[in-house]
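Everything below concerns the one structure shown next.
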Amino acid sequence: MSPVAVNPASLPAPSGYSHGTLVGNTLHLGGQTATDAEMKIIPGGIVEQFRQAFGNVLTTLREVGGEPEDLVSITIYLTDIPDYQAHGKEIGKVWRELAGPVYPAMAGIGCTGLWQPEALIEILGVAVIPDHRLRTP
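If you're matching positions, the sequence shown starts at 0 in numbering that gives the first Met the number 0 and goes up one per residue.
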């Protein structure tokens, strides 16, 4: 089974990485920040950046037929944990709006910075997509 790069046309074209890598029916989702189509971090705070970053993750997931309930693991890197915690209810509301009420295994990890200096959050994950929905790029 060879890995297959997953790079949705609606996300910025990657250079030196893939948005996702599909191996069999397991999709490894590369870290997504709150970038827009021009590779710029969207303005606003942690809630807006969470919405954009998680939306980018879901775009990659859906490219191969995946749905939010297929997520088995999510890792969230944060430059300001107290800010994330202070907005937890709003972020939870965004999660439920985008992914529904199911939550995979998760970790939140504090870090001193991300690749783009204005990024507050980066989200990566793993999904297992049922064979009947799986589409290979």
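In this text, a Cβ means the ideal position worked out from N, Cα and C, and glycines have one as well.
Practice task
Just grab the DSSP bridge partners of THR58 for me.
Solution key: In the DSSP output, where bridge partners are listed per residue, THR58 has none listed.
Practice task
Would you mind sorting THR135 into buried or exposed? The rule is 16 or more other CB atoms within 10 Å of its CB.
Solution key: Answer is exposed; the Cβ neighbour count stays below 16.
Problem - Whole runs of the alpha helix (DSSP H) within the region 66–133, excluding any shorter than 4 residues - result: The region 66–133 contains these whole alpha helix (DSSP H) runs: 80–85 and 87–98.
Practice task
Can you give me the start and stop residues for the beta strand (DSSP E) that LEU26 sits inside?
Solution key: Residues 25–31.
Practice task
Look at the Cβ atom of PRO103, then the Cβ atom of VAL71, and state whether they are nearer than 8 Å.
Solution key: Yes, the pair counts as a contact, with Cβ atoms nearer than the cut-off.
Exercise for the section: Using three-state DSSP, classify VAL46 as helix, strand or coil. Expected result: Helix at VAL46.
Handout entry: For ALA36, three-class secondary structure by DSSP
Key = In the three-state DSSP reduction, ALA36 falls in the coil class, being neither helix nor strand.
Practice task
Confirm, please, whether the CB-CB distance from ASP69 to VAL127 is below 8 Å.
Solution key: Between VAL127 and ASP69, the CB-CB gap stays under 8 Å.
Problem - Reduced DSSP category for ALA52 - H, G, I as helix; E, B as strand; rest coil - result: Helix, per DSSP.
Handout entry: Opening and closing residue of the beta strand (DSSP E) in which THR20 lies
Key = Run containing THR20: 19–22, per the beta strand (DSSP E) assignment.
Practice task
For ALA8, name the three-state secondary structure that DSSP assigns.
Solution key: Under the three-state reduction of DSSP output, ALA8 falls in the coil class, being neither helix nor strand.
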